[in-house]
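First comes the structure, then the notes that go with it.
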Amino acid sequence: MSRSPSGDRVALWRNPTFRAYVLQGVLLAALAALIGFIVANTMANLEARGISTGFGFLDERAGFSIPQTLIEYSGDSTYGRTFVVGLLNTLLVSALGIVVATIIGFAVGIARLSSNWLLARLATAYVEIFRNIPLLVQILFWYFAVLQALPSPRQSLSLLEVIFINVRGLVIPDPQPLSGFAATPWALLVGLIAAIALGVYAKRRQVRTGKALPIYWLGAGLIIGTPLLVFLLTGTPLEWSIPELTGFNFSGGVRILPELVALWLALSIYTAAFIAEIVRSGIQSVPDGQVEAANALSLPGGITLRKVVIPQAMRVIVPQLTSQYLNLIKNSSLATAIGYPDLVAVFSGTTLNQTGQAIEIVAMTMAVYLVISLVVSALMNVYNARTLLKER
Amino acid sequence: MLYKNKFMVAVPAALLLGGLATASQAATLDDVKERGSLNCGVNVGLAGFSAPDSDGKWQGLDVETCRGIAAAIFGDPEKVEFTPLTAKERFTALQSGEIDVLSRNTTWTATRDNSLGLNFTATTFYDGQGFMVSKDLGIESLEDLNGASICIQSGTTHELNLADYFPSRDIDINTVTFDTPDQTAQGFAHGRCDVLTSDTSQLSALRLQLPEPDSVEILETLISKEPLGPVVRQGDDQWLDIVQWTIFAMVNAEEMGVNSDNVDEMRDNPPNPGVARLLGKDGNYGEQLGLPNDWAYNIIKDVGNYGEVFSSTVGEDSPLKIQRGMNALWNEGGILYAPPIR
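Listed in order, the protein sequences are those of chains W and A.
Heads up, the final residue of the first sequence is numbered 392 in the working numbering, and it's a clean run with no missing numbers.
Heads up, the final residue of the second sequence is numbered 734 in the working numbering, and it's a clean run with no missing numbers.
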């Protein structure tokens with residue numbers, strides 16, 4: 001029994017807190033019962049119809065091949081492995097797409113606000129064209145109209161007889177590390193740490209003395225120079241496997257699938273059009289007074305943009321940018337249209353078809369996209385929190 | 393559109409299987425009669441088997457099988473709704489009840505028959521997996537394919553056959569996977585791959601879609617057995633029998649020399665007791681299936697016997713010109729053999 005504010009004892013069902021808890025509890029129980037009912041029913045029906053269920057199929061031999069695998073895979077691998085292969089391919093094209101879409105998007109977004117008439121109009125045309133054509137049509141355009149029009153392997157276009165491009169994709173030399181190469185990555189790590197340390201020192205020095213170090217040049221020198229020096233000192237322990245035309249196709253080198261390139265291009269170009277608009281709106285949300293103040297301090301245009309405008313614009317940009325990244329990841333499932341072996345094409349396509357276990361596979365696929373999206377969203381939220389207006 | 397279909401089929405399927413909880417497995421025949429039409433899943437476009445003609449009417453061997461079933465049930469071969477399905481979508485569409493019968497050049501395999509909750513009925517076409525290559529390459533046997541790129545349709549037995557065949561012979565190949573027969577053929581035509589693999593019947597059909605059909609050849613070696621036939625859901629034996637005996641009736645009709653031209657005359661004056669039983673003059677073979685007793689008469693009158701359908705869709709009267717070969721009757725050198733109606 002609880003007491004009313006006046007101190008009188010009231011009946012339990014009149015206590016709003018108690019009532020709220022009961023209501024929530026009942027709702028939760030009803031939801032759990034509903035889900036339990038659906039699951040039990042599904043299982044019973046699948047059983048009755050003689051459709052096999054469970055996740056045992058993940059350990060069975062897959063027996064089909066996949067054209068692009070980032071990890072070891074053969075027809076003898078398991079269906080579980082096809083899941084990982086498909087997932088990695090999805091992550092690869094998404095990561096590549098996010099990087100390029102961000103670069104193009106920022107460039108075009110800033111260009112739209114340029115005082116150069118031609119540049120601004122070109123950027124507007126870019127946004128209006130690529131934002132308004134359905135993505136699937138763009139993917140098919142890049143794949144069938146552009147990349148499939150390239151010459152056959154025998155008539156490949158080549159760059160210095162080392163890099164080849166043809167209808168089967170792009171073939172580039174493949175670096176083969178020899179013994180002693182291991183020192184180079186370590187040197188890169190040392191260079192990176194040194195560059196970060198230098199950055200911290202330079203910032204403190206600037207705060208103390210007001211003098212800036214040429215941090216970008218020094219940093220780049222450390223990051224590139226250290227591993228290069230070690231690489232040369234250890235006697236260049238790297239060999240290139242140069243692609244060579246043998247029989248049907250090139251042997252040696254690394255082949256980049258045209259399906260990957262088409263999907264990557266289409267996703268980047270399409271998403272960049274949206275990012276450009278987001279960047280433009282972000283920049284325009286920064287009050288003019290900020291730029292005027294920077295001009296009054298006679299800061300150069302580049303520094304004004306980098307140090308004054310963009311940091312403030314990011315507060316507007318980041319939440320919407322997150323949505324675009326998530327869209328890009330999910331749109332990558334259109335890969336199946338051109339045969340890029342992503343998660344949907346491989347796992348919820350071929351694997352589903354070979355095993356027939358639709359419910360398990362579709363559920364796993366949906367869970368994967370949910371998890372990827374939540375992780376990206378969480379990371380972007382962390383970044384957003386850092387760029388938020390600091391209330392002082 | 394097509395690419396989204398996979399989810400559109402799979403997700404409702406998942407929901408349906410859960411949702412249909414209380415409904416017991418209704419008899420498919422009753423559903424079909426009540427609806428007034430048969431829902432038949434066919435290929436999205438494969439000349440000779442199922443493809444819309446210039447008037448938008450579906451044509452082909454698989455399509456005629458469905459028309460035969462409709463003729464047996466309704467006495468009207470046009471009471472069929474065709475649902476085009478990709479290889480990947482087909483089983484889910486059948487499992488979820490979106491279609492009543494899947495007649496889509498589907499290979500009869502153990503997994504598909506035993507673990508998908510489906511049953512194969514009969515074989516309408518005996519096929520094997522073959523290879524199509526450009527004549528310029530001068531390929532004579534499969535051993536010459538080392539290093540080649542092979543275009544293939546996803547969700548087929550062909551994917552598995554390739555992975556069985558080549559690695560065990562130390563032949564290195566690259567597969568390029570597409571969703572529909574059309575895209576696969578386009579990939580081959582553009583030179584994305586050196587070889588197109590599929591059932592030989594499909595290859596003959598896809599070859600006609602190429603810009604220069606004479607520049608390619610189909611290799612003689614077949615690497616698999618591909619018995620193709622209609623599929624139904626497991627657990628409805630009456631429906632299984634109807635589909636199965638529709639095909640048997642068509643084959644038996646050919647064997648007895650009954651065709652769409654002489655079927656009326658044959659019914660009026662049956663030359664032998666076998667024909668009388670087939671055409672419903674004797675016995676109640678239609679009623680045993682839950683169909684009108686003139687079921688087989690309707691099939692033959694409206695659709696034709698197996699030989700007629702074969703020759704007009706894929707055989708000598710069609711652009712494909714596929715030989716009867718294995719698909720000839722058992723007494724004419726083939727392996728087509730239907731149980732007797734008696």
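C-beta: ideal position from N, C-alpha, C; glycine also.
These numbers come from a predicted model, not from an experiment.
Helix, strand or coil, according to DSSP, for A/Q451 in the structure here? Here residue 451 of chain A refers to the residue found at position 59 when the second sequence is read from its first residue. The answer is strand: DSSP assigns A/Q451 an E or B state.
Could you check whether the Cβ of W/T90 sits closer than 8 Å to any Cβ belonging to chain A? Translated into positions along the first sequence, residue 90 of chain W becomes position 90. No, because no Cβ of chain A sits closer than 8 Å to the Cβ of W/T90.
Are the stretch 54-62 of chain W and the stretch 72-86 of chain W in contact at 8 Å, needing three or more beta carbon pairs? yes
Distance cutoff 8 Å, beta carbons only. Does A/L683 sit that close to anything in chain W? Within the second sequence, numbered from 1, the residue matching residue 683 of chain A stands at position 291. Not an interface residue.
Contacts of A/A555 in chain W (Cβ-Cβ under 9 Å): Sequence index remark: in the second sequence, residue 555 of chain A carries index 163 (1-based). By Cβ distance, chain W contributes A62, G63, F64, S65, S74, G75, D76.
Which residues mark the beginning and the end of the beta strand (DSSP E) in which W/W240 is found? Indexing the first sequence from 1 puts residue 240 of chain W at position 240. First-last of the beta strand (DSSP E) with W/W240: 238-241.
Take A/T592 as the anchor and find which of A/I727, A/G520, A/V455 has the nearest alpha-carbon. For the purposes of this step, residue 592 of chain A is identified with residue 200 of the second sequence, where counting begins at 1. Nearest of A/I727, A/G520, A/V455 to A/T592, Cα basis: A/G520.
Starting from A/D591, find everything on chain W with Cβ-Cβ shorter than 9 Å and list it in chain order. For this step, residue 591 of chain A is matched to residue 199 along the second sequence. Correct list: empty, because the minimum Cβ distance to chain W is about 16 Å.
Just how far apart, CA to CA, sit A/A419 and A/D629? One-based indexing of the second sequence puts residue 419 of chain A at position 27. One-based indexing of the second sequence puts residue 629 of chain A at position 237. Those two C-alpha atoms are separated by around 9 Å.
Does A/I634 come out as helix, strand or coil in the three-state DSSP assignment? The count along the second sequence starts at 1 and reaches residue 634 of chain A at position 242. A/I634 falls in the helix class under three-state DSSP.
Straight-line gap, A/R734 to A/Q680 (C-alpha atoms, nearest Å): Mapped onto the second sequence, residue 734 of chain A falls at position 342. Mapped onto the second sequence, residue 680 of chain A falls at position 288. Computed Cα separation, rounded: 11 Å.
Kindly provide the ranges of any beta strand (DSSP E) runs that are 3 or more residues long and lie completely inside the stretch 517-581 of chain A, ordered along the chain. 517-519, 521-526, 541-545, 566-570
Round the Cβ separation of A/A464 and A/I691 to the nearest angstrom and send it over; I've been treating them as touching at under 8 Å. The residue labelled residue 464 of chain A in the question sits at position 72 within the second sequence. The residue labelled residue 691 of chain A in the question sits at position 299 within the second sequence. Contact holds; Cβ gap of about 5 Å.
Cβ-based burial, A/W450 [other Cβ within 10 Å; buried from 16]: Counted from its first residue, the second sequence places residue 450 of chain A at position 58. By the neighbour-count rule (16 or more Cβ atoms within 10 Å), A/W450 is buried.
Coil, strand or helix - A/C432 by DSSP: Reading the second sequence from its first residue, position 40 is the one you call residue 432 of chain A. Of the three classes helix, strand and coil, the one that applies to A/C432 here is strand, per DSSP.
Any chance you could list the alpha helix (DSSP H) runs of at least 4 consecutive residues sitting entirely within the stretch 279-306 of chain W, in chain order? 288-296
Going by DSSP in three states, A/N511 sits in which element: helix, strand or coil? Your numbering for residue 511 of chain A matches position 119 in the second sequence. Strand at A/N511.
Determine, for A/Q487, whether the minimum Cβ-Cβ distance to residues of chain W falls below 8 Å. On the second sequence, position 95 is the one that residue 487 of chain A refers to. Interface residue, yes.
Please state whether DSSP places A/A415 in a helix, a strand or coil. Counted from its first residue, the second sequence places residue 415 of chain A at position 23. Low per-residue confidence applies at A/A415: pLDDT is 39, beneath 50, and the placement is therefore not dependable, though the value from the model is reported in the following sentence. A/A415: coil per DSSP, three-state reduction.
Here's the rule I'm using: 16 or more other beta-carbon atoms within 10 Å means buried, otherwise exposed. How should W/V22 be labelled? Stepping through the first sequence from its first residue, residue 22 of chain W is reached at position 22. Per the 10 Å Cβ criterion, exposed.
Kindly list, in the order they appear in chain A, the residues whose Cβ is closer than 7 Å to that of W/A266. Indexing the first sequence from 1 puts residue 266 of chain W at position 266. Near W/A266 there are no residues of chain A at all, since even the closest Cβ is about 14 Å away, more than 7 Å.
W/A183 to W/L189 span [Cα, whole Å]: Taking the first residue of the first sequence as 1, we reach residue 183 of chain W at position 183. Taking the first residue of the first sequence as 1, we reach residue 189 of chain W at position 189. Near 10 Å, if we compare the C-alpha coordinates of W/L189 and W/A183.
At a Cβ threshold of 8 Å, is A/A413 touching chain W? Along the second sequence, read from residue 1 onward, the residue named residue 413 of chain A stands at position 21. Residue placement at A/A413 is flagged as unreliable, the pLDDT there being 38, under the threshold of 50; a coordinate-derived value is accordingly withheld.
How long is the line joining the alpha carbons of A/G726 and W/I269, rounded to whole angstroms? Along the second sequence, read from residue 1 onward, the residue named residue 726 of chain A stands at position 334. Along the first sequence, read from residue 1 onward, the residue named residue 269 of chain W stands at position 269. Roughly 56 Å between the two C-alpha positions.
Can you look up A/I714 in the DSSP assignment and give me helix, strand or coil? Taking the first residue of the second sequence as 1, we reach residue 714 of chain A at position 322. A/I714 falls in the coil class under three-state DSSP.
Pull out every residue of the stretch 557-577 of chain A whose Cβ sits closer than 7 Å to any Cβ of chain W, in chain order. P559, N566, T567, V568, T569, F570, D571
Inside the stretch 71-158 of chain W only - beta strand (DSSP E) runs reaching at least 3 residues: none
Once you ignore the five residues that flank A/Y698 on each side, which residues in its own chain have a CB closer than 6 Å to its CB? What you label residue 698 of chain A is simply residue 306 of the second sequence in a count that begins at 1. Excluding positions up to five away in sequence, the list reads M642, V643, E646.
Proximity of A/G452 and A/L486 at Cβ, strictly below 8 Å: On the second sequence, position 60 is the one that residue 452 of chain A refers to. On the second sequence, position 94 is the one that residue 486 of chain A refers to. No, the pair does not count as a contact, with Cβ atoms beyond the cut-off.
Residues from the stretch 454-483 of chain A in contact with chain W, defined by Cβ distance under 7 Å: A479, K480, F483
Using a beta-carbon distance cut-off of less than 7 Å, what residues from the stretch 163-184 of chain W approach chain A? V167, R168
What span of residues does the beta strand (DSSP E) with A/E609 cover, start to end? Start at 1 with the first residue of the second sequence, and residue 609 of chain A comes out as number 217. From DSSP, the beta strand (DSSP E) with A/E609 extends over 608-610.
Where the stretch 507-528 of chain A meets chain W: residues whose CB sits under 7 Å from a CB there: S507, L508, G509
Suppose you measure from the CA of W/G301 to the CA of W/G219; what does that come to, to the nearest Å? Counting from 1 along the first sequence, the entry for residue 301 of chain W is found at position 301. Counting from 1 along the first sequence, the entry for residue 219 of chain W is found at position 219. Distance between the alpha carbons of W/G301 and W/G219: 23 Å.
Is any beta-carbon of chain B found at less than 8 Å from that of A/E551? Protein chains in the displayed structure are W and A, and chain B is not among them.
May I ask you to list, following chain order, the residues of the stretch 39-57 of chain W that have a beta carbon less than 7 Å from some beta carbon of chain A? N41, T42, N45, L46, R49, G50, I51, S52
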